[in-house]
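So the structure is just underneath, and the comments pick up after that.
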Amino acid sequence: MGRQGRRLHFHFTIRHLYHSSRMRKPLVVLLLIMVTTTWGRFVDKGANSEIVDTFYKHESDAEVKDVPTLPRMNSQTKWEMIRASGQDPTIRRRKNKQQRQQKVVLGRERRDLILAPWRITHITPKKATVAPVPKKPAMALSFDMCPEKFDAITKGYNGRTYVFAREKVYQIWFEDGLPQKASYLISDLFSGGPRTVTAALTNSRSGVTILFEGRTAYRFRWNRKHRRFQLAKNTPQELPRNITINPLSAFEWADGNQVVLSGEHFIIYDAYWNLATFTGHTRKYFPNLPRDLLGIVYNGAGETLLMYTKTNKLKVYNTKKFKVVQEYPLKLSEFVGCQSR
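Residue numbers (the working numbering): -8 to 332.
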């Protein structure tokens, strides 16, 4: 295939990827812009080209069929597992949206009762409170050398992408239509969080971002007002003994399951109850998954996933064929905004 033919094939692939999964997420737009704007230079690569080489088609990975689906659990089985872990599901039961709205309304109605005599003479015990979030935004670090490697990556519920390297976290987002990049200390942006991160994932339904430091799990929610993450209730937590793996990478799969990997084994993790609802072999349920996977930076809730690897490559994974169909090497310095070594 000539250069013109490869170019036409590439742009068709990008358009198909965009329209088939209806990509509107800022990170995906950024990544696609990064790829398309440098495609014309894939033969004569410039020194500052963000894509350091042409894309590669994966013809060697065989299409896999008859892959078992991850099991679904009914509420009765889930409650039995929670009780078996020594917890009471009726005490910390999740509130639905209607219950949360009712709580807000009741709070407004009872505002005038705060100074009532009953309140003064009968002091109710205080509930456990979450550590306060600093009122100022986190302070960005100065432009520095690129890290030797990344430790974890996740796309937050706020649409921003977070890349972790030792004690730093790099934030990538859009503002006024322009890509923005900044770095922070993890403990500063994730107030009360770990010093380093070994794996990270975000639950797209609850909006909670989970950071793992070894076998300790931290749950965070984005505070829009202070532009920081704040610790959720009842966190951090040590992984229970029946979870025998040490998290090395994590992601949310196409079906919404929260997956934590460690080599050839994985668990479906429920961060709220701090338990594994399923354990299995990675290659059986996720064939042709990159062995150096850090995380999934885009999940289109369809058949396309964008995966980021430890070798700084963006890989397009097809969940119908269970294989990587394309990959794009990225330039580290321009992806997160740092100085090349």
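Each residue gets a CB set at the ideal place from its N, CA and C atoms; glycine is no exception.
Of all the options the options, which has the alpha carbon lying nearest to the alpha carbon of residue i?
i	options	result
leucine 230	Ala223, Val288, Leu202	Leu202
threonine 226	Thr310, Asp167, Pro185	Pro185
phenylalanine 242	Met130, Thr60, Ile259	Ile259
arginine 205	Asn248, Asp142, Glu255	Contrary to the premise, residue 205 reads as glycine rather than arginine in this sequence. Cα-wise, what sits closest to glycine 205 is Asp142.
glycine 254	Trp264, Ala190, Arg212, Glu294	Ala190
alanine 75	Lys306, Ala156, Arg232, Asn309	Arg232
valine 250	Thr207, Ile287, Ala223	Ile287
methionine 64	Gly77, Pro128, Asn248	Asn248
threonine 235	Thr145, Lys140, Thr270, Ala208	Thr270
aspartate 57	Leu192, Thr310, Asn194	Thr310
glutamine 228	Ser240, Asn237, Pro238, Ala208	Ala208
serine 240	Met298, Gly293, Glu294	Met298
lysine 345	Ile73, Arg157, Arg151	Missing from the structure shown is residue 345; the chain here goes from -8 to 332 and no further.
State the start and end residues of the unbroken beta strand (DSSP E) segment that holds residue i.
i	result
alanine 190	190 to 193
arginine 74	No beta strand (DSSP E) contains arginine 74, which is instead part of the alpha helix (DSSP H) from 66 to 75.
lysine 304	304 to 309
isoleucine 144	143 to 146
From the DSSP output, which residues share a beta bridge with residue i?
i	result
glutamate 166	Leu169
aspartate 261	Leu266
glycine 286	Tyr299
glutamate 229	Thr207
leucine 252	Ser240, Phe257
alanine 223	Its beta-bridge partners do not exist; DSSP assigns none.
methionine 136	Gln330
alanine 156	Lys159
leucine 323	DSSP output for leucine 323 lists no bridge partner at all.
glutamate 335	With the chain covering -8 to 332 only, the question about residue 335 has no answer from this structure.
arginine 200	Checking the displayed sequence, the identity of residue 200 turns out to be threonine instead of arginine. Answer is Thr193, Phe211.
glycine 271	Phe257
leucine 176	Lys159
phenylalanine 181	Phe220
Below 7 Å CB to CB, which residues in the same chain sit around residue i once its five sequence neighbours on both sides are set aside?
i	result
arginine 332	Met136, Cys137
phenylalanine 277	none
threonine 273	Leu252, Glu255, His256, Phe257, Leu280
alanine 131	Ala173, Ser174, Tyr175
arginine 196	Gly247
glutamate 294	Asn309, Thr310, Lys311
In chain order, what residues of the same chain have a beta carbon less than 6 Å from the beta carbon of residue i, not counting five sequence neighbours either side?
i	result
lysine 304	Glu318, Pro320
valine 160	Tyr153, Tyr175, Ile177, Leu180
valine 43	Note that valine 43 scores 49 on pLDDT, short of 50, meaning its location in the model is unreliable; the coordinates nonetheless yield the value given after this. Hits under 6 Å: Pro320, Lys322.
glycine 328	Lys172
phenylalanine 155	Asp142, Ala143, Val188
threonine 200	Gly147, Thr193, Phe211
Could you give the C-beta distance for residue i and residue j, rounded to a whole number, given that I count them as a contact under 8 Å?
i	j	result
arginine 210	alanine 262	5 Å
proline 281	histidine 217	Between histidine 217 and proline 281 the Cβ distance is about 36 Å, and since that is not below 8 Å, they are no contact.
alanine 245	leucine 285	That pair is no contact at about 17 Å.
tyrosine 148	glycine 183	At roughly 18 Å, the Cβ-Cβ gap does not stay under 8 Å, so tyrosine 148 and glycine 183 are not in contact.
tryptophan 70	proline 80	5 Å
Excluding the 5 residues preceding and the 5 following residue i in the sequence, name in chain order all residues of the same chain whose CB lies nearer than 8 Å to its CB.
i	result
glutamate 54	Lys312, Phe313, Lys314
asparagine 214	Val124, Phe220, Gln221
arginine 83	Asn225, Tyr263, Trp264
proline 59	Lys275, Tyr276
proline 128	His217, Arg218, Arg219
aspartate 283	Thr300, Lys301, Thr302
glutamine 330	Phe134, Asp135, Met136, Cys137, Ser324
Check whether the Cβ of residue i sits closer than 7 Å to any heavy atom of the ligand COA, and report yes or no.
i	result
tyrosine 299	With respect to the ligand COA, the structure offers nothing, as it holds no ligand at all.
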